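Residue numbers (the working numbering): 8 to 233.
For every residue, glycine included, the Cβ atom is placed at its ideal position computed from N, Cα and C.
Since this is a predicted model, take the numbers as computed values, not measurements.
Worksheet for the structure shown next.
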Ligand code: CA
């Protein structure tokens, strides 16, 4: 059971979401536009946000950036269409997951449970240390040799996932399923692109790895420098 903030301008969809979430024992708050949504989020911090991409007053990615400036709350984006570019930009802006309308109530429930699980549970108390790399999952900060790393939310999630499994080879399919919550594949360049950015921030390349080692045909592993 969670406090869910629904930011959606379509009253019919809003009502349907409230009904289906209430039936699953969630409590709901609603906002019909971006600015009221942001205000509600600040006044009554929810456990999870459902964010419609097509709002009258603000572009979804812009609103997400404003949300991320004040909150780490899990955000599930709801897109009216199969808007590939729009979805990629909101995922990069820090959305945790997305659903394309129309979707089944069970599907939404599964996504909510997944983002809550990732945000609340199974987190180690201290930072994860791999060589000179320290990843504090609770504070969502990472340092390399004591210097803070500037990571996007997804780069951080990726690094944290690998750091929790340091020394293990992790398949790209697993990263896509667990970090991006896309168990059935989809945008398979996503992982490569984020690994590329992460390597740059760690000051290394795929050809001359230090921490992030590619295991050809299998996946990637994070290890201390040899
Ligand atoms: Ca809309």
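Inter-residue Cα distance where the pair is residue i and residue j
i           : j           : result
residue 16  : residue 59  : 8 Å
residue 187 : residue 40  : 26 Å
residue 54  : residue 38  : 15 Å
residue 29  : residue 20  : 14 Å
residue 50  : residue 208 : 35 Å
residue 12  : residue 24  : 10 Å
residue 32  : residue 133 : 33 Å
residue 210 : residue 125 : 28 Å
residue 8   : residue 75  : 23 Å
residue 116 : residue 196 : 27 Å
heavy atom of ligand 1 below 7 Å from residue i C-beta
i          : result
residue 61 : yes
residue 68 : no
residue 15 : yes
residue 87 : yes
Buried or exposed (CB count within 10 angstroms, at least 16 for buried), residue i
i           : result
residue 68  : buried
residue 161 : buried
residue 110 : exposed
residue 144 : buried
residue 104 : buried
residue 129 : A caution first: residue 129 carries a pLDDT of 41, below 50, which makes its placement in the model unreliable, though a value can still be read off. With fewer than 16 Cβ atoms within 10 Å of its Cβ, residue 129 is classed as exposed.
residue 56  : buried
residue 84  : buried
residue 164 : buried
residue 81  : buried
Neighbourhood of residue i by C-beta distance below 7 Å, restricted to the same chain and skipping five residues each side
i           : result
residue 175 : 228
residue 26  : none
residue 112 : 27
8 Å CB neighbourhood of residue i in its chain, flanking five on each side removed
i           : result
residue 313 : This structure does not reach residue 313, given that the chain is present from 8 up to 233, and the question cannot be answered.
residue 155 : 148, 149
residue 168 : 177, 182, 185, 186
residue 46  : 38
Sequence-distant residues of the same chain with beta carbon closer than 6 Å to residue i, five excluded per side
i           : result
residue 179 : 198, 226
residue 87  : 61, 108
residue 10  : 34, 53, 54
residue 93  : 60
Check your understanding: Which ranges does the alpha helix (DSSP H) cover as unbroken runs of at least 4 residues, wholly within the segment 122-181, from first to last along the chain?
Key -> 160-171
Practice item. List in chain order: all unbroken alpha helix (DSSP H) runs of 4+ residues lying wholly within the segment 33-79. Key: 41-50, 67-77
Point to revise | Unbroken stretches of the beta strand (DSSP E), 3 residues or longer, contained in the segment 92-127 | key: 104-107
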